[in-house]
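Down below is the structure, laid out as structure tokens.
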Amino acid sequence: MEKSFKSPVVILANGAFPTHPIPLKILADAGTVICTDGSANTLDKLNLIPHVIIGDLDSIDPNNEFHGLEIHDQNQENTDLEKALDWVAMNGIENVTLLGATELREDMTVANHYILFDFFEKFNIEMVTDYFTVTSHRGQRSFDSFPGELVSLFPQRFGTVVSTTALKYPLNETVLDPSARGISNQSIGATFSVVASDPILVFRGHPKN
């Protein structure tokens, strides 16, 4: 059913609106923009039009005109972002970029990172902030990179065994726990790889201007 929606597909969450050129370009180039409830208000102020709005819709400005698809979901057991991602999975969309998922509320920022663990095996998902591109995987994954790129690793579970290639501080079957131990590494080449026994978040810093 992905053919019903133009690619690339972007979900704009109701966190801080991006200011960095990388997420802003992703938003500008989006074929389909899915807003989680109140984020549609911010988009309207920029004269941009969402294609889909998902959530309980209690934060939508009634003065904003919207002619796209509205999905009213009042379920209080999950967040509007989870509702949007469930809808993406249900519609067979295979690739999605998540913007506006950080800052404003620290609890929601942490929760939104953990949400990546719940969905990375269902479709290709990445979170792009003003500072990082964040993905989750288990097993082996290689990444395009550049020398000096900031790389931080956060495992989901205690006792995760991690190995890396092409990082300044290599890991060789190193046991990582959910802690600060895996932050502030650096890429030393055009690619690097991470092998993890359990799900892990990989933060890749944007190039500095």
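Quick note on numbering: the sequence shown equals residues -15 to 193 in my numbering. For each residue, glycine too, the CB sits at the ideal point set by N, CA and C.
query: What residue does the alpha helix (DSSP H) around F(-11) start on, and which one ends it?
result: That residue, F(-11), is in no alpha helix (DSSP H); it is neither H nor E in DSSP.
field: Residue range of the unbroken beta strand (DSSP E) whose run includes D70
entry: No beta strand (DSSP E) contains D70, which is instead part of the alpha helix (DSSP H) from D64 to M74.
message: In the DSSP assignment, the beta strand (DSSP E) including T201 goes from what residue to what residue?
response: Nothing about residue 201 can be reported from this structure: the residues present for the chain run from -15 to 193 only.
query: Which of helix, strand or coil does DSSP assign to S23?
result: helix
query: So L160 is in the beta strand (DSSP E); what residue range does that whole segment cover?
result: T158 to L160
Span of the alpha helix (DSSP H), counted from its first residue to its last, around A180: Not the alpha helix (DSSP H): A180 falls in the beta strand (DSSP E), residues T175 to G189.
- prompt: Terminal residues of the continuous alpha helix (DSSP H) containing P7?
  reply: P5 to A12
- prompt: How close, in whole Å, do the beta carbons of G173 and P131 come, if the pair is a contact with beta carbons under 8 Å?
  reply: Contact flag correct, Cβ pair sits at about 6 Å.
task: Apply the 10 Å Cβ neighbour rule to S126 and answer buried if 16 or more other Cβ atoms are within range, or exposed otherwise.
output: Exposed, by the Cβ-count rule.
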